[in-house]
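Read the structure below first, then the notes.
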Amino acid sequence: EQINKGNYEHYMQKEIHEQPESLKTTMRGRLIRGGSCKAKTVLLGGLKDHFKTIRRSRRIVFIGCGTSYNAALAARPILEELSGVPVTMEIASDLLDRQGPIYREDTAVFVSQSGETADTLHALEYALENGALCVGITNTVGSAIARHTHCGVHINAGAEIGVASTKAYTSQIVVMAMLALAIGGDSITSQTRREAIIDGLFDLPNKVREVLKLDQEMKDLAKLLIAEQSLLVFGRGYNYATALEGALKVKEVALMHSEGMLAGEMKHGPLALVDENLTIIVIATRDSCFSKQQSVIQQLHARKGRLIVMCSKGDAVSACPGGFGRVIEVPQVEDCLQPVINIVPLQLLAYHLTVLRGYNVDQPRNLAKSVTTQ
Ligand code: G6P
Numbered sequence: 302e303q304i305n306k307g308n309y310e311h312y313m314q315k316e317i318h319e320q321p322e323s324l325k326t327t328m329r330g331r332l333i334r335g336g337s338c339k340a341k342t343v344l345l346g347g348l349k350d351h352f353k354t355i356r357r358s359r360r361i362v363f364i365g366c367g368t369s370y371n372a373a374l375a376a377r378p379i380l381e382e383l384s385g386v387p388v389t390m391e392i393a394s395d396l397l398d399r400q401g402p403i404y405r406e407d408t409a410v411f412v413s414q415s416g417e418t419a420d421t422l423h424a425l426e427y428a429l430e431n432g433a434l435c436v437g438i439t440n441t442v443g444s445a446i447a448r449h450t451h452c453g454v455h456i457n458a459g460a461e462i463g464v465a466s467t468k469a470y471t472s473q474i475v476v477m478a479m480l481a482l483a484i485g486g487d488s489i490t491s492q493t494r495r496e497a498i499i500d501g502l503f504d505l506p507n508k509v510r511e512v513l514k515l516d517q518e519m520k521d522l523a524k525l526l527i528a529e530q531s532l533l534v535f536g537r538g539y540n541y542a543t544a545l546e547g548a549l550k551v552k553e554v555a556l557m558h559s560e561g562m563l564a565g566e567m568k569h570g571p572l573a574l575v576d577e578n579l580t581i582i583v584i585a586t587r588d589s590c591f592s593k594q595q596s597v598i599q600q601l602h603a604r605k606g607r608l609i610v611m612c613s614k615g616d617a618v619s620a621c622p623g624g625f626g627r628v629i630e631v632p633q634v635e636d637c638l639q640p641v642i643n644i645v646p647l648q649l650l651a652y653h654l655t656v657l658r659g660y661n662v663d664q665p666r667n668l669a670k671s672v673t674t675q
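Numbering (UniProt numbering), first residue to last: 302 to 675.
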């Protein structure tokens with residue numbers, strides 16, 4: 302396995318740019334389309350004996366920490382839509398603090414890049430004691446979480462060295478989208494949707510390659526933001542997770558205060574922070590939440606916030622009428638896969654901000670790649 306930096310200066314930079322390849326590896330052998338087998342399907346061998354139980358579960362509970370939690374949050378809507386099973390979210394430490402309810406009839410899905418995070422591992426022990434079916438989604442074959450879960454899927458993103466997770470995040474989302482397809486039934490009503498998602502998955506590495514071309518644009522943006530005290534990121538729906546994850550990248554490597562927020566909550570508090578000194582990124586790519594995001598943009602503009610709007614290609618005028626603020630145009634993909642595209646410019650922004658601010662990109666102060674103590 303290639304774990305040197307190649308032509309890149311930092312591992313984080315390399316890992317951001319290798320996402321077209323890491324996503325291909327994640328999907329290899331798991332998506333079936335055309336040929337003698339006409340139906341478009343998903344094969345997840347590690348789960349094949351457990352789908353019946355998963356479909357009959359009372360709930361699917363996603364459990365993780367940090368970026369892995371955010372990846373699960375990004376996949377939650379599509380899992381709910383295709384499986385019809387209620388999906389709840391648990392931050393591992395919070396589940397343990399509360400000793401929250403986990404039932405025999407639950408499917409508990411543990412998401413962890415390293416497969417060794419202590420909080421997630423303890424939450425797994427707790428879920429096993431409570432009799433839930435435990436599924437692992439990790440990037441590390443033979444890791445503790447991979448070994449102790451009943452079944453699972455490896456994300457196969459390749460070794461990730463940078464402390465800030467990038468390629469593992471996008472591969473985790475893709476695995477969970479495939480999980481949603483595999484759990485969901487083959488009903489006629491969902492067939493078109495399923496096929497569109499599978500086509501979208503096949504094309505995703507190309508679209509990621511396209512969005513990576515924003516590298517220089519994100520470097521220019523980083524130059525403008527280098528001295529900011531604070532950065533807010535607003536998202537909703539499929540891209541609520543993108544807001545959390547984008548802000549997490551900026552805070553963990555660029556050491557800049559940054560918060561991801563649910564745009565639907567803007568008027569319940571965060572709006573008070575907005576004035577001409579605050580920079581806000583709003584994610585407003587095309588999906589069923591678009592018109593609501595347009596209204597959020599209007600309200601933030603009315604309070605003189607300095608706006609950066611991420612929108613679908615060709616959509617700058619509708620997303621940001623009047624040309625106020627700066628626009629980041631990204632390729633549009635199937636709505637549930639859009640978080641994979643939208644995080645890339647924010648990863649690039651965090652990377653460039655860090656380098657320009659002179660901080661250590663691959664080993665941010667106080668952080669570890671894998672937190673193995675509670
Ligand atoms: C640490 C890392 C994060 C990571 C989190 C969960 O905090 O610094 O980048 O997202 O752990 O790690 P895991 O290996 O469980 O995904």
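We put the beta carbon where it would ideally sit given N, CA and C, even for glycine.
Which residue comes first and which comes last in the alpha helix (DSSP H) that contains residue i?
i      : result
Phe625 : Unbroken run through Phe625: none, as it is neither H nor E.
Ala607 : As written in the sequence, residue 607 is Arg, which differs from the Ala given in the question. Arg607 -> not in any alpha helix (DSSP H); beta strand (DSSP E) instead, spanning 607-613.
Ser323 : 320-328
Leu638 : Segment: none, Leu638 is in no alpha helix (DSSP H) and carries neither H nor E.
His311 : From DSSP, His311 is part of no alpha helix (DSSP H); its letter is neither H nor E.
Leu545 : 541-555
Considering just the uninterrupted stretch of the beta strand (DSSP E) at residue i, what are its terminal residues?
i      : result
Val362 : 360-365
Val583 : 580-585
His602 : Here His602 belongs to no beta strand (DSSP E); instead the alpha helix (DSSP H) covers 591-603.
His455 : 452-455
Quick check on the burial criterion: 16 or more other C-beta atoms within 10 angstroms. Buried or exposed for residue i?
i      : result
Gly330 : exposed
Glu461 : buried
Ala528 : exposed
Phe411 : buried
Ala469 : buried
Asn540 : buried
His558 : exposed
Ala573 : exposed
Asn305 : exposed
Asn507 : exposed
Arg605 : Correcting the residue identity first, residue 605 is Lys in this sequence and not Arg. Its Cβ having fewer than 16 others within 10 Å, Lys605 is exposed.
Ser589 : exposed
Pro665 : buried
Is any beta-carbon of chain D found at less than 9 angstroms from that of residue i?
i      : result
Glu322 : Looking for chain D here will not work: only one protein chain is present.
What residues in its chain sit with their C-beta under 8 angstroms from that of residue i, if we drop five residues either side in the sequence?
i      : result
Asp504 : Val634
Glu302 : With a pLDDT of only 42 at Glu302, under the threshold of 50, the placement of this residue in the model should not be trusted; the figure read from the coordinates follows. Around Glu302: Gly459, Ala460.
His451 : His351, Leu434, Cys435, Val436
Ala555 : Ala651, Leu654, Thr655, Arg658, Tyr660
So residue i and residue j are supposed to be a Cβ contact under 8 angstroms. How far apart are they, rounded?
i      : j      : result
His351 : Leu434 : 7 angstroms
Glu546 : Thr326 : Going by Cβ atoms, the distance from Glu546 to Thr326 rounds to 21 angstroms, so no, they are not a contact pair.
Val645 : Leu513 : 6 angstroms
Asp407 : Val362 : 5 angstroms
Met611 : Ala651 : Incorrect: roughly 14 angstroms between the Cβ atoms, too far for contact.
Tyr309 : Asp663 : Wrong, their Cβ atoms sit about 11 angstroms apart, outside the cutoff.
Pro632 : Glu511 : 5 angstroms
Leu526 : Leu533 : Not quite, the Cβ-Cβ distance comes to about 12 angstroms (not below 8 angstroms), so this is no contact.
Spatial neighbours of residue i within its chain, please: CB distance less than 7 angstroms, with the 5 preceding and 5 following residues excluded, ordered by chain position.
i      : result
Arg334 : Lys341, Ile499, Phe503
Gly401 : Glu391
Lys520 : His653
Leu345 : Arg331, Val454, Met479, Leu480, Ala483
Arg494 : none
Can you tell me which residues form a DSSP beta bridge with residue i?
i      : result
Gly432 : For Gly432, which the question treats as bridged, DSSP gives no partner whatsoever.
Glu630 : Cys612
Ala409 : Val362, Cys435
Val343 : Leu332
Met390 : Phe363
Any heavy atom of ligand 2 inside 8 angstroms of the beta-carbon of residue i?
i      : result
Thr368 : In terms of ligand content, the structure shown lacks ligand 2 and carries ligand 1 instead.
Excluding five sequence neighbours on each side, which residues of the same chain lie with their C-beta closer than 6 angstroms to the C-beta of residue i?
i      : result
Glu381 : Val388
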